[in-house]
Amino acid sequence: MSRRIGVVVALLLVVASAAPAAADEVRLSLDGQTWSDELRSPLYDAGARWVPGETRVRSFWVRDAGPSDSVLRIGVDTHDEDGLLADGQVVLAVRLAGGAWQGVPDGADAMPLVEGELVRRGSAKVDVRVGFGWQAPDPTMNRRTSFDLVVRLSDADVVAGENSPGGEVLPGTGSGVTPWLLLLGAALVGSGLGLVGRRRQEAGGG
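The sequence shown begins at 662 in the numbering used here and counts up one residue at a time.
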């Protein structure tokens, strides 16, 4: 019997401090072919069954549909109330465009975690990796964790101005910046956790 983790994924897309026209500049896709202003289905199935040591990767794409080149930044905002990320029982990592995996250290927030440039009308694949530890103890059955993926698409010229000597950007205006919030929540449902832990012990004991 497999250990069951109810990965409750509410993958929602909402505008945060963006101009009204911003929705037309950021396009999202689950397959890299069909684009819309939101993801139509979750990355992880809430009813999925996980076994100890299992790691799953899910992907989505971000496209720059704006009038200029841009810089894509992806950060992680954790809500690790029960310490599953901090304890290493749940491991989260993100990579952009096939680059190196960047993990969330000790369940801490990372803003940004990965970033890269997008040419006008270009797109980039974002991979999200979630793993559940081999040695996760039975008490994890009643513990929960969640995290937000914050995706920001900024005008490349504005970012260059920020990084250049003497460059300034007016704070709080949202000019040239299109922030989107991807809410990716993970909840560990404990109905099968203790049972599988006991079965493993029984098997190990002969």
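Positions of the beta carbon are idealized from the N, C-alpha and C atoms, including for glycine.
Simplified DSSP state of residue i, which is helix, strand or coil
| i | result |
| --- | --- |
| G714 | coil |
| D743 | coil |
| A726 | coil |
| G693 | coil |
| D698 | coil |
| G768 | helix |
| A817 | helix |
| G792 | strand |
| Q750 | coil |
| A785 | strand |
| G736 | strand |
| E686 | coil |
| G777 | strand |
| L704 | coil |
| S720 | strand |
Residue from the options whose Cα sits closest to the Cα of residue i
| i | options | result |
| --- | --- | --- |
| S720 | G693, V775, G792 | G693 |
| L753 | L810, P703, V732 | L810 |
| S807 | L745, S690, E699, E686 | L745 |
| G749 | V812, V765, A758 | V765 |
Buried/exposed call for residue i, threshold 16 Cβ in 10 Å
| i | result |
| --- | --- |
| R619 | Outside the displayed range of the chain (662 to 867) lies residue 619, so it cannot be described from this structure. |
| E742 | exposed |
| G759 | exposed |
| V718 | exposed |
Proximal residues to residue i (C-beta, below 7 Å), its chain only, five neighbours per side dropped
| i | result |
| --- | --- |
| R756 | W762, Q763, V775, D788 |
Close Cβ partners of residue i (< 6 Å) along its chain, the five nearest in sequence each way excluded
| i | result |
| --- | --- |
| G783 | D725 |
| D730 | V780, R781, A817 |
| S690 | W696, W722 |
| D767 | A747 |
| G639 | Limits of the chain in this structure are 662 at one end and 867 at the other, which puts residue 639 out of reach. |
| H740 | S807 |
| L814 | V687, S731, L733, T839 |
Beta-carbon proximity list for residue i, same chain, < 8 Å, skipping 5 on both sides
| i | result |
| --- | --- |
| E778 | D730, S731, V732, L733, A817 |
- Task: Could you tell me whether the region 785-797 touches the region 709-725, using the rule of 3 or more Cβ pairs below 8 Å?
- Result: Output reads yes: the region 709-725 touches the region 785-797.
- Item | Segment contact flag, the region 720-739 with the region 769-776, C-beta cutoff 8 Å, min 3 pairs | The region 720-739 makes contact with the region 769-776: 3 or more CB pairs, one atom from each, lie closer than 8 Å.
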